Amino acid sequence: MKKIIDNIRKLLADGAFKDEQHVRFSLVGRICQELGWDIWNPEEFYTEYPVKRYPLQEITTELRGRVDVALILPEKRSEIAEVFIEIKSPYKLQNELVAGETQLKRYNWSDKSAISILTDGIIWRFYLPSLGGSFEDSLFSEINLLEDDIESVCIVFDQVLRRDNFRKQAVESAEAIFEEIARIKKLSLVKSEAEEIARKTGLQKFTIASQLLKNQHAYEMDESEIASLWDKKIPKVTQAPTVVFPPVPPGNKGTTQEPPKLGEVDFTVLQDYSYKSARVVVVGGITTPVKHWWEIKKHVFNYLLEKNPALASSDILALFTKRTDSMDIRLINGMYSRGRMSATGIVKQCRAAMKIAGYEPCKDLQVGFVESERKRKGQ
Numbered sequence: 011m012k013k014i015i016d017n018i019r020k021l022l023a024d025g026a027f028k029d030e031q032h033v034r035f036s037l038v039g040r041i042c043q044e045l046g047w048d049i050w051n052p053e054e055f056y057t058e059y060p061v062k063r064y065p066l067q068e069i070t071t072e073l074r075g076r077v078d079v080a081l082i083l084p085e086k087r088s089e090i091a092e093v094f095i096e097i098k099s100p101y102k103l104q105n106e107l108v109a110g111e112t113q114l115k116r117y118n119w120s121d122k123s124a125i126s127i128l129t130d131g132i133i134w135r136f137y138l139p140s141l142g143g144s145f146e147d148s149l150f151s152e153i154n155l156l157e158d159d160i161e162s163v164c165i166v167f168d169q170v171l172r173r174d175n176f177r178k179q180a181v182e183s184a185e186a187i188f189e190e191i192a193r194i195k196k197l198s199l200v201k202s203e204a205e206e207i208a209r210k211t212g213l214q215k216f217t218i219a220s221q222l223l224k225n226q227h228a229y230e231m232d233e234s235e236i237a238s239l240w241d242k243k244i245p246k247v248t249q250a251p252t253v254v255f256p257p258v259p260p261g262n263k264g265t266t267q268e269p270p271k272l273g274e275v276d277f278t279v280l281q282d283y284s285y286k287s288a289r290v291v292v293v294g295g296i297t298t299p300v301k302h303w304w305e306i307k308k309h310v311f312n313y314l315l316e317k318n319p320a321l322a323s324s325d326i327l328a329l330f331t332k333r334t335d336s337m338d339i340r341l342i343n344g345m346y347s348r349g350r351m352s353a354t355g356i357v358k359q360c361r362a363a364m365k366i367a368g369y370e371p372c373k374d375l376q377v378g379f380v381e382s383e384r385k386r387k388g389q
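The numbering of the sequence shown is this note's numbering, which starts it at 11 and goes up by one.
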């Protein structure tokens, strides 16, 4: 495998892979063959695999019902795929990240694959659909074929994509990777405080961290595990590019503004966001397009937790450790927040969280929305 990856790197550097089709066969297919898959058997390496159970109302030109590659075990005599692989042209994954994840989410709507992969041949993102919740939150690993250590790349491929490991062992490996990252994120909540207390008292920082996790977050982690995770970092992952939506300037007092046209983003600060559809959130100068109100809460809370992990214990964030509802939002620290809220409730909680974190809630958090079509028709 190391020789193959090294050769692929040279081909990438030479610009040999021109499009998605080159990536699908000459790169993805080559790696799959090395991992034991019979790429010459179309029942096993199934290209343009048709998804039979698919939300019909969501099928569009962009969200077609065919997976680029599905890996299947013919001997199981089952049409359910072990792996879904959605492929993009080289260097295009970041720009097509949201669309690619949406496609994979649809493909896994009924019969979930054990592992789903989104790749442009360079960036490989691995998802575990059986985790449930938001599909993007099922990401458990990302590797960069050009930049990451070859040994590390080979380990990931071998653990979660080798044919002999399907399905049980591959899923168990994916769950173990996901759980370790979650525990690293949890430990990051108390590392700074534990180091500070250790400096002042001379006590062992691992012991302090264990107590802080237990007392502040009701989370158990023994000292030996803390020691093994202490120097591990939360893996960096590719983020979708931000899209700038210029705020609509408010009208002068005493003037009457025309209501925004349907589809035109409005950034007016409101007390009631009923009959509004979320389109964009700007938090700390970072602009992100959204489709749902709960996504705004997720982006705001993740931003605050990234800046100050200690906020996880804040009453205003009201985080909890276990998912109790399908709409609960998984955050970057592995904890959850309520997602089943009204648009108005979400915006109010987000502004309150921004304020308690020391930000100006209406200046540092801007919410872009459009009038819902239902409201327009009722006017």
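In this text, a Cβ means the ideal position worked out from N, Cα and C, and glycines have one as well.
For clarity, every value in this text was computed on a predicted model and none was experimentally measured.
Does residue i come out as helix, strand or coil in the three-state DSSP assignment?
{"i": "Q214", "result": "coil"}
{"i": "G378", "result": "strand"}
{"i": "P260", "result": "A caution first: P260 carries a pLDDT of 47, below 50, which makes its placement in the model unreliable, though a value can still be read off. If DSSP states are grouped into helix, strand and coil, P260 belongs with coil."}
{"i": "Y117", "result": "helix"}
{"i": "T129", "result": "strand"}
{"i": "P269", "result": "With a pLDDT of 48 at P269, under the threshold of 50, the modelled position of this residue cannot be trusted; read the value that follows with caution. DSSP places P269 in coil when its eight states are reduced to three."}
{"i": "S352", "result": "coil"}
{"i": "A91", "result": "coil"}
{"i": "W134", "result": "strand"}
{"i": "T331", "result": "coil"}
{"i": "D338", "result": "coil"}
{"i": "R76", "result": "strand"}
{"i": "D24", "result": "coil"}
{"i": "T112", "result": "helix"}
{"i": "D168", "result": "helix"}
{"i": "V357", "result": "helix"}
{"i": "V163", "result": "helix"}
{"i": "K8", "result": "Outside the shown range of the chain, which is 11 to 389, sits residue 8, and nothing can be said about it."}
{"i": "V279", "result": "coil"}
{"i": "P299", "result": "strand"}
{"i": "S287", "result": "strand"}
{"i": "L149", "result": "strand"}
{"i": "I326", "result": "coil"}
{"i": "E96", "result": "strand"}
{"i": "Y313", "result": "helix"}
{"i": "N154", "result": "strand"}
{"i": "P60", "result": "strand"}
{"i": "S347", "result": "strand"}
{"i": "V247", "result": "coil"}
Drop a sphere of 10 angstroms on the beta-carbon of residue i, count the other beta-carbons inside from all chains shown, and report buried for 16 or more, exposed for fewer.
{"i": "Q281", "result": "exposed"}
{"i": "V247", "result": "exposed"}
{"i": "K62", "result": "exposed"}
{"i": "R306", "result": "A small correction: the amino acid at residue 306 is Ile; Arg does not occupy that position in the sequence shown. Classification of I306: buried, given that the 10 Å Cβ count is 16 or more."}
{"i": "D78", "result": "buried"}
{"i": "N225", "result": "exposed"}
{"i": "T211", "result": "exposed"}
{"i": "L223", "result": "buried"}
{"i": "G110", "result": "buried"}
{"i": "S220", "result": "buried"}
{"i": "I296", "result": "exposed"}
{"i": "T331", "result": "exposed"}
{"i": "R209", "result": "exposed"}
Any heavy atom of the ligand GTP closer than 6 Å to the beta-carbon of residue i?
{"i": "S238", "result": "Within the structure as shown, the ligand GTP is missing, as the structure has no ligands at all."}
Since residue i and residue j are thought to touch, with beta carbons under 8 Å apart, how far apart are those beta carbons, to the nearest angstrom?
{"i": "D16", "j": "I160", "result": "7 Å"}
{"i": "L375", "j": "V300", "result": "With 8 Å as the limit, L375 and V300 do not qualify as a contact, their Cβ atoms being about 13 Å apart."}
{"i": "L327", "j": "Y346", "result": "Wrong, their Cβ atoms sit about 11 Å apart, outside the cutoff."}
{"i": "G378", "j": "D276", "result": "7 Å"}
{"i": "S148", "j": "Y137", "result": "5 Å"}
{"i": "G39", "j": "P60", "result": "Wrong, their Cβ atoms sit about 19 Å apart, outside the cutoff."}
By how many angstroms is the C-alpha of residue j removed from the C-alpha of residue i?
{"i": "M364", "j": "E370", "result": "7 Å"}
{"i": "A124", "j": "D338", "result": "23 Å"}
{"i": "L155", "j": "R348", "result": "37 Å"}
{"i": "L21", "j": "E96", "result": "21 Å"}
{"i": "K242", "j": "A362", "result": "33 Å"}
{"i": "T334", "j": "Q43", "result": "41 Å"}
{"i": "M11", "j": "V166", "result": "12 Å"}
{"i": "I82", "j": "A91", "result": "5 Å"}
{"i": "A192", "j": "V279", "result": "35 Å"}
{"i": "N105", "j": "Q249", "result": "9 Å"}
{"i": "N118", "j": "I207", "result": "47 Å"}
{"i": "A26", "j": "R34", "result": "13 Å"}
{"i": "Y9", "j": "N51", "result": "What the structure shows of the chain is the stretch from 11 to 389, and residue 9 is not part of that stretch, so it cannot be assessed."}
{"i": "Q359", "j": "E381", "result": "21 Å"}
{"i": "L314", "j": "H227", "result": "17 Å"}
{"i": "I187", "j": "S151", "result": "7 Å"}
{"i": "G344", "j": "D158", "result": "25 Å"}
{"i": "D24", "j": "I18", "result": "10 Å"}
{"i": "I41", "j": "S183", "result": "19 Å"}
Looking at C-beta atoms only, is the number of pairs between the stretch 309-324 and the stretch 194-203 that lie closer than 8 Å three or more?
Enough Cβ pairs lie closer than 8 Å, so yes.
Contact between the stretch 137-147 and the stretch 76-88: three or more CB pairs below 8 Å?
At 8 Å Cβ cutoff, the stretches do not touch.
Given 8 Å as the limit, is there contact between the stretch 352-369 and the stretch 284-303, that is, 3 or more CB pairs closer than that?
Judged by Cβ distances under 8 Å, the stretch 352-369 makes contact with the stretch 284-303, as three or more pairs qualify.
Any 3 or more C-beta pairs closer than 8 Å across the stretch 92-110 and the stretch 128-138:
For the pair of segments examined, the stretch 92-110 was found to touch the stretch 128-138: the number of CB pairs separated by less than 8 Å reaches three.
Contact between the stretch 111-125 and the stretch 44-56 is defined here as three or more beta-carbon pairs at a separation below 8 Å; is this criterion met?
No, the stretch 111-125 is not in contact with the stretch 44-56.
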